[in-house]
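Everything on this sheet refers to the single structure shown next.
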Amino acid sequence: MDASQAPGPNPSPQPDTNDVFHTTDKVLADKLQFIEEIGFGNWGSVWLCRPRHNPRAPGADELSRLQSSRVAVKLVHRKKDENEKRTAETAARVKSLWNEMKIVRTLKPDLHPSIVPFYSFVVTPSYALITMEYLPTLVPVEVSEPKARHWFKSLLSGVDYLHKRGVVHNDIKPANILLSEKNVPVLVDFGFAEQYRLESRKAFLSNISYGTPEYLSPERARGLPHDTRKSDVWSLGVTFFEILSGRTPFENSDTEQFSTTEELERYWSRTLRGKWIGTWKMSRGMEKLLRRMMSPNADLRCTASDALEDPYWLPDAHPHRRSASDNSIAFEKEKPVTPVSWSRSTTAKENAASSPGLASYGLTESPSHRSLTRAKSQPKVATRGACC
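If you want the working numbering, it's the position in the sequence shown, counting the first as 1, plus 263.
Structural data, given as structure tokens:
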């Protein structure tokens, strides 16, 4: 992606802000009690923390005034080698976390309920961290459509909210969706997110190809110039299908692996045909909506705003359920696929060094989360940063 296509820079935090600040390691320990590590990866860790409500602590600020009894803290080390010196790798970690913070921070004034709330960004001599709302429950899969319906509409609304503010998430999948105490789905992990100037003629145009393999749109997987909003919608459609069915629509089986380039190319060739594999159970209205969201032709794919206007959401709609199979009529007639050049950057483990985080607040999920989502919510090829 050349400079003319790059996302516009986000506003730099102002000096008088009270949610971005430097402090000492001791003051950080005075403010936060680190209770339990709930996620980890090559680029850091996520902790469940309890704020220590001590208004007399040195440097009292936004963090000291947190009213929640529990917060999630995404943390990276600033010093990593044996001499406790900063390295290029640790500097890149901090920069990535800073960029993530700048995006989620711009959403803070009018935050959507399906977007994770940002609290503060803290830098000490040893650490850089983001504090945010603690959401303990990962969205489950193989859920009935009536139960999942309101989740889907809330997530669509959240993604539409992001796009209207120039933000694309770039890594939507079940492993990055948590449930609030009020059963509201919340999109987390903005480590791959980008923000564009809406007035730019090239807003949302990109040829980047990173992400989680099973959720990449065909054009993104191939590294072609594309509208990143349409790729978000594709990923959201795959996510909805998985929440209902327990697998993505283009997998041959639950045991299929994507550990080699050849395996990934076979998978992505199926996405080009737009033909779902296996059996699934959902209403006709939901199937029509998902096929609009997962059209292999990005020009025919709906936007998040379009999806919210789909007849599926009409109160007088009466869905007729059916079970479909791999003999079902595809959204677009299947035809021979011309060999294409897939982007190796999507499959390569070497990208781990240039990308932060994984799932669940941007890092890998715990064993209990994996039991909820089965293996399909986690990438089988590390494109976000291999787990420790």
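For each residue, glycine too, the CB sits at the ideal point set by N, CA and C.
Small disclaimer: the values here were computed from a predicted structure and weren't measured.
DSSP has residue i in a bridge; who is on the other side?
i	result
W310	E300, V336
I378	L450
F513	None, per the DSSP bridge assignment.
V290	Note: V290 sits in no beta bridge, so no partner.
E457	V431
V385	F284, L392
L295	P314
Would the beta-carbon of residue i fall within 9 Å of that of residue j?
i	j	result
R460	G429	yes
R368	V357	no
S568	D423	yes
V447	T286	no
T511	Y473	no
I393	L425	no
P380	M364	no
L507	V402	no
E457	V431	yes
F284	V336	no
W543	F504	yes
L553	G500	yes
L442	T400	yes
E519	E528	no
Just reading off the beta strand (DSSP E) that residue i is part of, what are its end residues?
i	result
M364	Unbroken run through M364 is the alpha helix (DSSP H), 351–369; no beta strand (DSSP E).
T394	390–396
L441	440–442
Could you pull out every residue in the same chain whose Cβ sits closer than 8 Å to the Cβ of residue i, ignoring the five residues on either side in sequence?
i	result
N515	I540, G541
I378	V367, L370, G421, Y424, L425, V449, L450
Quick one: grab the DSSP three-state call for residue i.
i	result
M556	helix
F415	helix
L563	coil
L468	strand
W539	coil
D373	helix
L425	helix
P578	coil
K445	coil
K598	Because K598 sits at a pLDDT of 38, beneath the cut-off of 50, its placement in the model cannot be relied upon, and the point is left open.
P488	coil
E477	helix
K436	coil
Start and end of the alpha helix (DSSP H) containing residue i?
i	result
V283	Unbroken run through V283 is the beta strand (DSSP E), 283–285; no alpha helix (DSSP H).
I506	491–508
V404	Premise fails: V404 is in no alpha helix (DSSP H) and is neither H nor E.
E528	524–536
A567	567–571
E482	481–484
9 Å is my cut-off, CB to CB: does residue i come that close to chain C?
i	result
E519	In the displayed structure, chain C is absent; only one protein chain is listed.
Tell me which residues share the same chain as residue i and place their Cβ nearer than 7 Å to its Cβ, disregarding the 5 neighbours each side in the sequence.
i	result
K308	Looking at the sequence shown, residue 308 is not Lys but Ser. E300, G302, L338, L626.
K410	none
R483	S472, G474, H489, S494
Going along the chain, which residues of its own chain have a beta-carbon closer than 6 Å to the beta-carbon of residue i, five neighbours each way excluded?
i	result
L222	There is simply no residue 222 to check, as the chain begins at 264 and stops at 651 in what is shown.
T416	The identity of residue 416 in the sequence shown is Lys, whereas the question assumes Thr. Closer than 6 Å at Cβ, skipping near neighbours: no residue.
M545	E408, L507
R555	C565
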